[in-house]
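Residue numbers (mature numbering (1 follows the signal peptide of the UniProt record, and there is no 0)): -18 to -1, 1 to 63.
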């Protein structure tokens, strides 16, 4: 039960995690504040389409696929028993 709760919270957090300038940069830069250059570059990239934003972050798509794939698998396992 706790595993289901944790996976649900993480899945919801992944969907609701804002697409702020802070999260839209390289993962290794997360511990450091957003610089004015990064903010300026981010505002230029934010004008693209939604699909192009995912193309810049394949790890996010992989993460979504893994979390929701596993959740659907467990849900189907629960429903089919």
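We put the CB at the ideal spot given by N, CA and C, even for glycine. This one's a predicted model, so the numbers in the text were calculated from it and none came from an experiment.
Residue from the options whose Cα sits closest to the Cα of residue i
i: residue 42; options: 15, -4, -13; result: -4
i: residue 15; options: 23, 4, 58; result: 4
i: residue -16; options: 56, 13, 22; result: 56
Close beta carbons around residue i, own chain, < 8 Å, minus the five adjacent residues each side
i: residue 53; result: -12, -11, -8
i: residue 12; result: 4, 5
For residue j and residue i, believed in contact at Cβ under 8 Å, the rounded distance
i: residue 20; j: residue 7; result: 6 Å
Own chain residues within Cβ distance below 7 Å of residue i, not counting five before or after
i: residue 45; result: -5
Contact set for residue i: own chain, Cβ-Cβ below 6 Å, skip 5 residues either direction
i: residue 10; result: none
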